[in-house]
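Top to bottom, those sequences are chains Y and Z.
Just so you know, this note's numbering puts 755 at position 174 of the first sequence, and the rest follows in order with no gaps.
Just so you know, this note's numbering puts 592 at position 11 of the second sequence, and the rest follows in order with no gaps.
Backbone N, C-alpha and C fix where the C-beta goes; we use that ideal spot for every residue, glycine too.
As the structure is a prediction and not an experimental result, all values here were calculated from the model.
Before any comments, here is the structure.
2 protein chains.
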Amino acid sequence: MTEARSRFDDAERAAVYRVIDERRDMRHFAGGAVEPTVLRRLLQAANAAPSVGLMVPWRFVRVVDPARRESIARLVDLERERTASALDDRGAEFLRLKVEGVRDCAELLVVAITGDRERHVFGRRTMPHMDLASVACAIQNLWLAARAENLGMGWVSLFEPDELAALLDLPAGDEPVAVLCLGPVDRFYERPMLLEQGWAEPPPLEELVDER
Amino acid sequence: MTEARSRFDDAERAAVYRVIDERRDMRHFAGGAVEPTVLRRLLQAANAAPSVGLMVPWRFVRVVDPARRESIARLVDLERERTASALDDRGAEFLRLKVEGVRDCAELLVVAITGDRERHVFGRRTMPHMDLASVACAIQNLWLAARAENLGMGWVSLFEPDELAALLDLPAGDEPVAVLCLGPVDRFYERPMLLEQGWAEPPPLEELVDER
Chain Y
582 MTEARSRFDD AERAAVYRVI DERRDMRHFA GGAVEPTVLR RLLQAANAAP
632 SVGLMVPWRF VRVVDPARRE SIARLVDLER ERTASALDDR GAEFLRLKVE
682 GVRDCAELLV VAITGDRERH VFGRRTMPHM DLASVACAIQ NLWLAARAEN
732 LGMGWVSLFE PDELAALLDL PAGDEPVAVL CLGPVDRFYE RPMLLEQGWA
782 EPPPLEELVD ER
Chain Z
582 MTEARSRFDD AERAAVYRVI DERRDMRHFA GGAVEPTVLR RLLQAANAAP
632 SVGLMVPWRF VRVVDPARRE SIARLVDLER ERTASALDDR GAEFLRLKVE
682 GVRDCAELLV VAITGDRERH VFGRRTMPHM DLASVACAIQ NLWLAARAEN
732 LGMGWVSLFE PDELAALLDL PAGDEPVAVL CLGPVDRFYE RPMLLEQGWA
782 EPPPLEELVD ER
């Protein structure tokens, strides 16, 4: 592409920063539906992510069977209880949070790392977990695209991966890493919900950056 | 925020899809510099990423010492040789690829997962690797923001993480996951460089999506 065509202008740049700033991890959904053409655009956005050695380690499962969705919801309920127990003194506080929208969202997607990843060496010889990093980049793309489509998304990691893989009859070796709740919302949280709810107070950026 | 203010319009949505589509994993850089205010915006974009339980597991190291940058370049050179050996019959082909821009880029950043992560249980009890997933989301934000700033970025994972941690004198337990090469470029690749160079030919999206 020519240099002129390849440049982002101020308005485009502002839109990119806006979507990064206003993306939220949503757990409250308004029901409704996601148009098939919109869902396809979102998956294309995910698929445009970088991957280590261009291995494309992501696989997407759209959960369309209501009984299967309910089974996933129960798996998440169970892990929510176990997490509360493991949290000891913060368990009760944790249980007051809404941590997922599996039953309420318009679309439920499961994202897995593909099982044939061990044959990929480029960028993974000393860092085999770079396949997960690539999948996370794909999910972040999907998240930002969803926000630009005025749809909410939440990433749920409250499940036993082996049980979720069995429940979805995934190919051998595929490892689920995300249950994504996607769909229309009544409003986006002003700030991250766990900040609004007082669960965590992240440090300022200055404390996260060093020079060497 | 009000519903009207919170909506993305068509032009904003197009800019978001454009940046997702035109982001590239860059290995060719044009030297130059990154303005401090731009670098700060990029780090703020990274820091706006989601994180599991809002744990904010990312740490950024800006490499400013030329001798240290050269040491990192040598670490990457060494892993490039080892990867070529491990690739057997594709080793020679791999060695013909440009796989990093550590010596040429304007800014070199190292991203690490923080060492205090084991105290975070929310979303990590059965999925401890979700901290890496969060760090990858932060890096993807940075990548997209860099593209919107008309800057190139490449994620290098060709290094021994323990050796890189020692070289940077990282706090105990911090685990480096990315060497990021950032800066002006002469042009962005039309397509992913590993596709242009014939290294890999990813499957069409249809093969990556299932229904259950």
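- In terms of residues, what are the limits of the alpha helix (DSSP H) holding phenylalanine 724 of chain Z? Going by the sequence as given, residue 724 of chain Z is tryptophan instead of phenylalanine. Where tryptophan 724 of chain Z is concerned, the enclosing alpha helix (DSSP H) stretches over 711-729.
- Just by C-beta distance, which residues in the segment 647-661 of chain Y are closer than 9 Å to chain Z? Arg649, Glu660
- Could you give the DSSP three-state label for phenylalanine 675 of chain Z: helix, strand or coil? In the structure shown, phenylalanine 675 of chain Z sits in a helix (DSSP, three-state: H, G or I).
- Query: Using a Cβ-Cβ distance under 8 Å, would methionine 711 of chain Y count as near chain Z?
  - Reply: Chain Z contact via Cβ: present.
- Query: By a C-beta neighbour count over all protein chains shown, 10 Å radius and 16 as the cutoff for buried, is glutamate 756 of chain Y buried or exposed?
  - Reply: buried
- Measure the alpha-carbon distance for leucine 690 of chain Z versus glutamate 792 of chain Y and round it to whole angstroms. Taking the straight line from one Cα to the other gives about 9 Å.
- Task: Taking only beta-carbon positions, decide if proline 617 of chain Y is within less than 8 Å of chain Z.
- Result: no
- Query: Does any C-beta atom of chain Y lie closer than 8 Å to the C-beta of methionine 607 of chain Z?
  - Reply: no
- Task: Assuming valine 633 of chain Z contacts aspartate 712 of chain Z (C-beta within less than 8 Å), just tell me the rounded distance between them.
- Result: 7 Å
- DSSP beta-bridge partners of tryptophan 639 of chain Z: Z:Ile694
- Query: Does the separation of the CB atoms of alanine 626 of chain Z and tryptophan 639 of chain Z fall below 8 Å?
  - Reply: no
- Are there 16 or more other CB atoms within 10 angstroms of the CB of proline 647 of chain Y, so buried, or fewer, so exposed? Under this definition proline 647 of chain Y is an exposed residue.
- Who are the Cβ neighbours of alanine 654 of chain Z in its own chain at under 7 Å, not counting the five residues just before and after it? Cβ within range, chain order: Val683, Arg684.
- Along chain Y, in chain order, which residues have C-beta atoms closer than 8 Å to that of phenylalanine 675 of chain Z? Phe703
- Item | Proximity test, Cβ basis, 8 Å: cysteine 686 of chain Y and chain Z | no
- Message: Between which residues of its own chain and aspartate 750 of chain Y is the CB-CB distance below 8 Å, once the five residues before and five after are set aside?
- Response: none
- Taking methionine 774 of chain Y as part of the beta strand (DSSP E), name the residues at either end of that continuous run. No beta strand (DSSP E) holds methionine 774 of chain Y; the alpha helix (DSSP H) holding it covers 774-777.
- Message: Would phenylalanine 610 of chain Z pass as an interface residue toward chain Y - the criterion being a Cβ-Cβ separation below 8 Å?
- Response: So no, phenylalanine 610 of chain Z is outside the interface.
- Flag leucine 789 of chain Z as yes if its beta-carbon sits less than 8 Å from any beta-carbon of chain Y, otherwise no. yes
- Between the C-alpha atoms of cysteine 686 of chain Z and aspartate 670 of chain Y, what's the straight-line distance to the nearest angstrom? 48 Å
- How would you list, in chain order, the residues of chain Z whose beta-carbon sits under 7 Å from the beta-carbon of arginine 588 of chain Y? Asn731
- Item | CB contact below 8 Å: leucine 623 of chain Z versus chain Y | no
- Task: Let me know the secondary structure DSSP gives glutamate 603 of chain Y once reduced to three states.
- Result: helix
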